[in-house]
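Student:
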Amino acid sequence: MSTQVHATPGIGARVGYGVVAGLIGGVVFGMLMAMMGMLPMVGMLIGVENAAVGFIVHLANSAVIGAIFGVIAGSFADRIAPILAGGMIYGIIWWVLGALILMPLWLSVTADPGMSDMVFVIEADQWLSLMGHVIFGLVAAAVFYGLCRRTARG
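The numbering of the sequence shown is my numbering, which starts it at 8 and goes up by one.
#1: If you draw a straight line from the C-alpha of I108 to the C-alpha of V35, how long is it?
#2: Label F76 either buried or exposed according to how many other C-beta atoms from any shown protein chain fall within 10 Å of its C-beta, with 16 as the threshold for buried.
#3: So, at 6 Å on beta carbons, what are the nonlocal neighbours of E56 in its own chain, with the 5 sequence-adjacent residues on each side left out?
#4: Helix or strand or just coil, what does DSSP make of N68?
#5: Excluding sequence positions up to five away, which residues of its chain have a Cβ less than 8 Å from the Cβ of I31?
#6: Could you name the residues of the same chain whose beta carbon sits closer than 8 Å to that of G25, not counting the 5 residues immediately before and after it, in chain order?
#7: Please list, in chain order, all residues of the same chain as I99 whose beta carbon is under 8 Å from its beta carbon, the five residues on each side excluded.
#8: Kindly list the residues whose CB is nearer than 8 Å to the CB of T10, restricted to its own chain and excluding five residues on each side of it in sequence; keep chain order.
#9: Determine the burial state of P120: buried for a count of at least 16 other Cβ atoms within 10 Å of its Cβ, exposed for fewer.
#10: Take A67 as the anchor and find which of A88, G94, I87, G37 has the nearest alpha-carbon.
#11: Compute the Euclidean distance between the alpha carbons of M122 and V128, then round it to the nearest angstrom.
#12: Let me know the secondary structure DSSP gives F127 once reduced to three states.
#13: Assuming L112 contacts V126 under a Cβ cut-off of 8 Å, what Cβ separation, rounded to an integer in Å, is found between them?
#14: What residues in its chain sit with their C-beta under 8 Å from that of V22, if we drop five residues either side in the sequence?
#15: Using only alpha-carbon positions, find the residue among W101, A106, V60, I63 that is nearest to E130.
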């Protein structure tokens, strides 16, 4: 009879794995954003309407969001279905927080005061953004799961 031990990574490892997972998910989502022409708008969050700057800002956000996911998801990182479901839900939460609330409000301060009228406005671009956020969550969760499994195996 064999006993399988699943070690939960420590908080430092979970944060690090989350950063890596967030960056990989961010690259995938960033490609979608590039195809949609959305990266210059992301750059406007720091006052620079440029796709390359937007991609860097997007990756920085992805790393932070991934780190938070790593902390939250660490307790169920040893089971694939819950981690993927958690990733999808996490992506949806960040779609609401980021795309529907924080981004329009931030842009209303840094770029266009009229953007405050776009809070919770859902048009075609926002549905594509939802898809991108869900994909981000799934990719980040899958990467996080893989990194945790690798650690558990030793």
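No residue lacks a Cβ here, since even glycine has one placed at the ideal position from N, Cα and C.
Tutor: According to the structure shown:
#1: 22 Å
#2: buried
#3: Excluding positions up to five away in sequence, the list reads P47, G50.
#4: DSSP places N68 in helix when its eight states are reduced to three.
#5: V146, A147, V150
#6: G73, A74, I75, F76, G77, V78, A80, A147, F151
#7: L137, H140, V141, G144
#8: Reliability fails at T10, whose pLDDT of 41 lies under 50, so the model's placement of it is uncertain and no value is given.
#9: exposed
#10: Comparing Cα-Cα distances from A67 to each of A88, G94, I87, G37, the minimum goes to G37.
#11: 10 Å
#12: DSSP places F127 in coil when its eight states are reduced to three.
#13: 6 Å
#14: The residues are A74, G77, V78.
#15: A106
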